[in-house]
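The structure appears right after this line, and notes come after that.
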Amino acid sequence: MNKVILFQGDSITDCGRVRENPAHESQALGPGYPALIAAKVMSSDWGTRRTFVNKGISGDRVVDLYARWKRDAINIRPDVLSILIGVNDTWHEMSYSNGVEPARYDKFYRMLLDWSLESKADTKFVLLEPFILKFITSAWVDEISERQQIVKKIAADYNAVFVPLQKKIEEAADAARNPALVLRDGVHPTLYGHQLIADECLKYAGELYK
């Protein structure tokens, strides 16, 4: 049996992947945490068939995921569904007055999971904690903190794996003495930042990827 593992999210997941006619799997996954997870899992067991799919799209909010969920999630029928979404729901409000307030974010996030379970009842969820580094404005930090609690509660309600990231990223930024070595602009990870995310996903959800 082939296990299908789908990564969903915004630019952090997208990470410049080749969307049209990729020449090989590594182009389709991009250079970020999805590819790092896939490489580690595949190298540990060549005998198990797995398909890793990255459908993250830069700029997406939770409502954008919902708009394309049939095409980019339901039709793929993943066995394991990983989601990292939330920073644009805040960013777009602060910059363009076009964000998604926390209560509606909670509602739409749950709608994504409900729809997925209606389509494939045995889907396993890996929900990544949205994150930000605190050299960005305090209004951002406060709202992202609220979204972190929402995702943690959703994970508990849906028996999903919750992957905490905020503390790990803060610790790495402190150790590096330069936050931009981890998140280059307080939001988007460097290669080192992507490796941190991949390591935490494998720590908390590694058994699901096998």
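Counting from 0, one number per residue, gives the positions in the sequence shown under numbering that gives the first Met the number 0.
Beta carbons: idealized from backbone N, C-alpha and C, even for Gly.
Start and end residues, alpha helix (DSSP H) containing residue i
{"i": "Thr-89", "result": "86 to 95"}
{"i": "Ile-168", "result": "165 to 175"}
{"i": "Val-40", "result": "32 to 43"}
{"i": "Ala-27", "result": "24 to 28"}
{"i": "Arg-70", "result": "68 to 71"}
Delimiting residues of the beta strand (DSSP E) encompassing residue i
{"i": "Arg-49", "result": "49 to 53"}
{"i": "Lys-2", "result": "2 to 8"}
{"i": "Leu-180", "result": "Where Leu-180 is concerned, there is no enclosing beta strand (DSSP E), given that its DSSP letter is neither H nor E."}
{"i": "Val-160", "result": "160 to 162"}
Beta-carbon contacts of residue i that lie in its chain and below 7 angstroms, excluding the five residues immediately before and after
{"i": "Gln-165", "result": "Glu-128, Phe-130, Gln-147"}
{"i": "Ala-175", "result": "Val-181"}
{"i": "Ala-204", "result": "Val-125, Val-160, Val-162"}
{"i": "Pro-21", "result": "Ala-27"}
{"i": "Tyr-208", "result": "Ile-4, Ile-36, Val-40, Val-79"}
6 angstroms CB neighbourhood of residue i in its chain, flanking five on each side removed
{"i": "Leu-126", "result": "Ile-82, Val-150, Ala-154, Ala-159, Phe-161"}
{"i": "Cys-200", "result": "Ile-36, Val-162"}
{"i": "Glu-145", "result": "Pro-101"}
Reduced DSSP category for residue i - H, G, I as helix; E, B as strand; rest coil
{"i": "Phe-217", "result": "For residue 217 there is no data in the structure shown, the boundaries of the chain being 0 and 209."}
{"i": "Ile-131", "result": "coil"}
{"i": "Val-62", "result": "helix"}
{"i": "Ile-82", "result": "strand"}
{"i": "Pro-188", "result": "strand"}
{"i": "Val-17", "result": "coil"}
Candidates the options, of which the one nearest residue i by Cα
{"i": "Pro-188", "options": "Ala-204, Glu-206, Leu-207, Lys-167", "result": "Lys-167"}
{"i": "Ser-115", "options": "Ala-172, Gly-29, Arg-76", "result": "Arg-76"}
{"i": "Leu-64", "options": "Glu-142, Pro-30, Arg-109, Ser-96", "result": "Arg-109"}
{"i": "Val-3", "options": "Lys-123, Ala-179, Asn-20", "result": "Lys-123"}
{"i": "Asn-87", "options": "Ile-143, Tyr-157, Arg-70, Leu-132", "result": "Ile-143"}
{"i": "Arg-49", "options": "Val-79, Arg-70, Ala-179", "result": "Val-79"}
{"i": "Asp-121", "options": "Val-40, Tyr-157, Phe-107", "result": "Tyr-157"}
{"i": "Asp-198", "options": "Leu-111, His-91, Ala-171, Leu-132", "result": "Ala-171"}
{"i": "Trp-90", "options": "Ala-138, Trp-68, Leu-111, Asn-1", "result": "Ala-138"}
{"i": "Asp-141", "options": "Ser-42, Val-62, Met-93", "result": "Met-93"}
{"i": "Leu-132", "options": "Leu-111, Arg-16, Gly-29, Val-186", "result": "Val-186"}
Residue i CB to nearest heavy atom of the ligand FAD below 7 angstroms
{"i": "Val-186", "result": "Questions concerning the ligand FAD fall outside what the structure shown contains, since it holds no ligand whatsoever."}
Own chain partners of residue i with C-beta closer than 8 angstroms, once the 5 adjacent residues on each side are dropped
{"i": "Phe-118", "result": "Contrary to the premise, residue 118 reads as Ser rather than Phe in this sequence. These residues qualify, in order along the chain: Ile-73, Arg-76."}
{"i": "Gln-7", "result": "Lys-54, Gly-55, Leu-64, Asp-71, Ala-72, Leu-80, Ser-81, Ile-82, Leu-83, Ile-84"}
{"i": "Met-0", "result": "Arg-48"}
ask   = Do the stretch 45 to 64 and the stretch 10 to 21 meet, that is, are 3 or more Cβ pairs less than 8 angstroms apart?
value = Contact holds: three or more Cβ-Cβ distances are below 8 angstroms.
message = Whether or not the stretch 187 to 201 and the stretch 33 to 51 are in contact is what I'm after, with contact meaning three or more pairs of Cβ atoms, one per stretch, closer than 8 angstroms; do they touch?
response = yes
query = Can at least three beta-carbon pairs, one atom from the stretch 94 to 110 and one from the stretch 16 to 28, be found at a separation below 8 angstroms?
reply = no
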